[in-house]
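Quick notes on the structure that follows.
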Amino acid sequence: MPIEDVLLDLKNKIEKNLPAGVTITDVEFEGPQLVLYTEEPRKFADDGNIIRNLAKELRTRIAMRPDPRVLATPEDSISIIEEVVPKESVISSYYFDPDSGEVIIEAEKPGLVIGKHGATLREITKQIGWIPKVARTPPIKSRTVKNIREFMRNNLKERKEILKSVGRKIHKECTSKDQWIRITSLGGCKEVGRSCFLLSTPESRVLIDCGVNVGSDENMTPYLYVPEVFPLNQIDAVVVTHAHLDHQGLVPLLFKYGYDGPVYCTPPTRDLMVLLQLDYIDVAAKEGKKIPYESGMVAKTLKHIIPLDYEEVTDIAPDIKLTFHNAGHILGSAISHFHIGDGLHNVVFTGDYKYEKTRLFDPAVNKFPRVETVVSEATYGNSNAFQPSLKDAERHLQMVVKNTVERGGICLIPAFAVGRSQEVMIVLEESIRKGLIPEIPVYLDGMIWEATAIHATHPEYLNNDLRKLIFQKGQNPFLSECFRPVDSHEARQKIIQNPHPCVILATSGMMNGGPVMDYFKAFAEEPRNSLVFVGYQADGTIGRRIQKGWKEIPMTGKNGSTEIIKMNMEVQVVDGFSGHSDRRQLMDYIKKMQPRPERVFTEHGDEKACVDLASSIYKKLKIETRALTNLETVRLL
Numbered sequence: 012m013p014i015e016d017v018l019l020d021l022k023n024k025i026e027k028n029l030p031a032g033v034t035i036t037d038v039e040f041e042g043p044q045l046v047l048y049t050e051e052p053r054k055f056a057d058d059g060n061i062i063r064n065l066a067k068e069l070r071t072r073i074a075m076r077p078d079p080r081v082l083a084t085p086e087d088s089i090s091i092i093e094e095v096v097p098k099e100s101v102i103s104s105y106y107f108d109p110d111s112g113e114v115i116i117e118a119e120k121p122g123l124v125i126g127k128h129g130a131t132l133r134e135i136t137k138q139i140g141w142i143p144k145v146a147r148t149p150p151i152k153s154r155t156v157k158n159i160r161e162f163m164r165n166n167l168k169e170r171k172e173i174l175k176s177v178g179r180k181i182h183k184e185c186t187s188k189d190q191w192i193r194i195t196s197l198g199g200c201k202e203v204g205r206s207c208f209l210l211s212t213p214e215s216r217v218l219i220d221c222g223v224n225v226g227s228d229e230n231m232t233p234y235l236y237v238p239e240v241f242p243l244n245q246i247d248a249v250v251v252t253h254a255h256l257d258h259q260g261l262v263p264l265l266f267k268y269g270y271d272g273p274v275y276c277t278p279p280t281r282d283l284m285v286l287l288q289l290d291y292i293d294v295a296a297k298e299g300k301k302i303p304y305e306s307g308m309v310a311k312t313l314k315h316i317i318p319l320d321y322e323e324v325t326d327i328a329p330d331i332k333l334t335f336h337n338a339g340h341i342l343g344s345a346i347s348h349f350h351i352g353d354g355l356h357n358v359v360f361t362g363d364y365k366y367e368k369t370r371l372f373d374p375a376v377n378k379f380p381r382v383e384t385v386v387s388e389a390t391y392g393n394s395n396a397f398q399p400s401l402k403d404a405e406r407h408l409q410m411v412v413k414n415t416v417e418r419g420g421i422c423l424i425p426a427f428a429v430g431r432s433q434e435v436m437i438v439l440e441e442s443i444r445k446g447l448i449p450e451i452p453v454y455l456d457g458m459i460w461e462a463t464a465i466h467a468t469h470p471e472y473l474n475n476d477l478r479k480l481i482f483q484k485g486q487n488p489f490l491s492e493c494f495r496p497v498d499s500h501e502a503r504q505k506i507i508q509n510p511h512p513c514v515i516l517a518t519s520g521m522m523n524g525g526p527v528m529d530y531f532k533a534f535a536e537e538p539r540n541s542l543v544f545v546g547y548q549a550d551g552t553i554g555r556r557i558q559k560g561w562k563e564i565p566m567t568g569k570n571g572s573t574e575i576i577k578m579n580m581e582v583q584v585v586d587g588f589s590g591h592s593d594r595r596q597l598m599d600y601i602k603k604m605q606p607r608p609e610r611v612f613t614e615h616g617d618e619k620a621c622v623d624l625a626s627s628i629y630k631k632l633k634i635e636t637r638a639l640t641n642l643e644t645v646r647l648l
């Protein structure tokens, strides 16, 4: 059936299910949503069940758009909104888009703008006709969030056309009589880096992640040239599990070579993706390496991103529905659940996950309506890969910082900008507030402060304890006075030239470049200082050499010459802050999964870890398992 006939059929069904006196003028697909156009937005606002009942009846996401002729002027609308919305919400800005009939309201407390069960939003529509959308005013100013919001507003018309095209492809009629499902491994199997998989059916091809292995020039990119995925314009959708570069660093490359479809991820993943992609190509250019894509491709990718919240069931292809669930790994990380066909098969791609409550996140979700196949990470899949408890890790960190500061030293912590930095920040803030360590400044250098600003923009993605602290008690630990952003080379030099007891969190996490190296060169010879590793150090990095006990560290000087840094700092390794599940948690995640899966595939770990975890799941849980290998295709059905 042609798509115009599908839309006409849907319009007829909708009109039959509308209450008496409520009318629509048109229907259109926009991405995964079916959009209704009406000259009577106030009637829809009067009865919030109209849209809800239609969505249930048609089994699709539905949005309503008002006809521009029935909208109040922006000036009148602002006056009315400010009468309806409590002043405590602290509205910071408005943006009116006549094409969509939406008004975007930025507020410090968006919950007050929304109202109980959306009552305030409905009241706004009743009075002005515009459909209000609420965004949180970032409590910490983020250049990334500001630029993304401005970019999206400036490209609304083009984005609307993209969504219209995507929507018509998603909702086309299934034509194949065959029923089969296959997974093709394109990267990240029996290795860590360049994660990439293709989920294919007779109707659809969905790419899950497209990462870069930044530590390898030979095996940097996934196998995107194989016939299963090439040409790239035959892919229907890209799904990104989280923002780390080894899962999304080459998504813009897809657009460079012909892909023109949607990219699905959570809102925080979108913001962090942009931050990390731009930094990735900037660092590559500075190091004289060939950059895989220009910043224009990052912008093009952004236009095609369709953000989805956790638990939001969404059609992404004619025969595939996607639902994201919390993965507990980093901000916005998602377990991806694919429901294929009309109950035909269910596949879960875990991405990276943490099956334990942390300072930032709730444990990864492992309860689903249905699941037959699981593709699980195996980073710590080895039989002896156990991590200390988070409480033990926190006590260890507190002890190291306290001892270092009491002897007048500086505690230098190499950290990854996203995830571990914020986890450590929460521990340090609480420790200072409770007097467990002295009141000292905690300097944040590199991208850490910008990444923290993105965390502060999306507190709804943090765990229950943090949300209560922020929303109910008005205490945002990220805003603590102990944190001092270092935003320039000059500011960094001031700290280096005037050493004093403090903690310095600086990128990069493996000491293979970045601001941390300036501090290391300055403070390495002083035995009162401490170097604290809270993350994994890969072979070949300076961080791993120091862990092995090297006392003389060769480094490149200003003129390209080699200089030797004498290493006298105390070295401490604080395990337990990893965003990955350890061996016990990996096994428990599958063991306690509801319902019990029929098969489990392992990936994202070295060969021994992947094989060991797969073997143990089979032996102990009697579930069919396999450690996937790059370039193989496995048929699920």
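Numbering of the sequence shown is given in this note's numbering, commencing with residue 12 and proceeding in unit increments.
We treat Cβ as the ideally placed atom computed from N, Cα and C, and that holds for glycine.
Just so you know, these numbers come straight off a predicted model, no measurement behind them.
Beta bridge pairing from DSSP links residue 138 with no other residue.
Boundaries of the alpha helix (DSSP H) around residue 439: 431 to 444.
Excluding residues up to 5 positions away in sequence, 332 and 334 lie with their Cβ nearer than 7 angstroms to the Cβ of residue 324 in the same chain. DSSP, read as helix, strand or coil, puts residue 586 in coil.
Taking each of 515, 618 and 469 in turn and checking the Cα distance to residue 457, the smallest one comes out for 515.
Going by DSSP, residue 242 is part of no alpha helix (DSSP H) at all; its letter is neither H nor E.
Just so you know, the alpha carbons of residue 512 and residue 419 end up roughly 5 angstroms apart. Shown here, residue 78 sits in coil according to DSSP, grouped into three states, outside any helix or strand. Between residue 467 and residue 482 the beta-carbon gap is near 13 angstroms, outside 8 angstroms, which marks them as no contact. Distance from the CA of residue 582 to the CA of residue 540, rounded to the nearest whole angstrom, comes to 9 angstroms. Around the beta carbon of residue 380, a 10 Å sphere encloses fewer than 16 other beta carbons of the protein chains shown; the residue is thus reported as exposed.
One thing to note: residue 326 has its Cβ within 7 angstroms of the Cβ of residue 43. Contact annotation, residue 585 with residue 404: C-beta distance approximately 6 angstroms; criterion of less than 8 angstroms satisfied. DSSP places residue 425 in the uninterrupted beta strand (DSSP E) bounded by 421 to 425.
Residue 590 and residue 186 have their C-alpha atoms some 42 angstroms from each other.
From the listed residues 518, 164 and 17, the smallest Cα separation to residue 426 is found for 518. Taking one beta carbon from each stretch, the region 335 to 352 and the region 253 to 262 have 3 or more pairs nearer than 8 angstroms; the two touch. Across the set 45, 546, 27 and 137, the C-alpha of 137 shows the shortest separation from the C-alpha of residue 81.
Under a 10 Å Cβ-count criterion, residue 28 is classified as exposed, with fewer than 16 other Cβ atoms of the shown protein chains found around its own Cβ. Cβ atoms of residue 269 and residue 235 stay farther apart than 8 angstroms, at about 10 angstroms.
The residues 24 and 28, in chain order, have a CB closer than 8 angstroms to that of residue 68 in the same chain once the five nearest residues on each side in sequence are set aside.
Secondary structure of residue 28 (DSSP, three-state): helix. Under the three-state reduction of DSSP output, residue 403 falls in the helix class. The beta strand (DSSP E) runs of length 3 or more contained entirely in the region 249 to 292 are, from start to end of the chain, 274 to 276. In this chain, the alpha helix (DSSP H) harbouring residue 557 covers 553 to 558. A straight line joining the alpha-carbon of residue 564 with that of residue 548 spans about 15 angstroms.
Distance check between residue 305 and each of 264, 278 and 218 places 264 closest, using alpha-carbon atoms only.
Listed as beta-bridge partners of residue 332 by DSSP are 326 and 350. Counting along the chain, residue 599 sits inside no beta strand (DSSP E); it lies in the alpha helix (DSSP H) bounded by residues 594 to 602. By the C-beta criterion, the region 429 to 438 is judged not to be in contact with the region 523 to 536, since fewer than 3 inter-stretch pairs fall below 8 angstroms.
Between residue 101 and residue 118, the CB-CB gap stays under 7 angstroms. When the Cα atoms are used, residue 509 and residue 588 turn out to be separated by approximately 30 angstroms. In the three-state reduction of the DSSP assignment, residue 387 falls in the strand class. Counted as a single uninterrupted DSSP element, the alpha helix (DSSP H) harbouring residue 53 occupies residues 52 to 57. Counting only runs that start and end inside the region 160 to 198, the alpha helix (DSSP H) elements of at least 4 residues fall at 167 to 181. Between the beta-carbon of residue 216 and that of residue 14 there is about 19 angstroms, and that puts the pair past the 8 angstroms contact cut.
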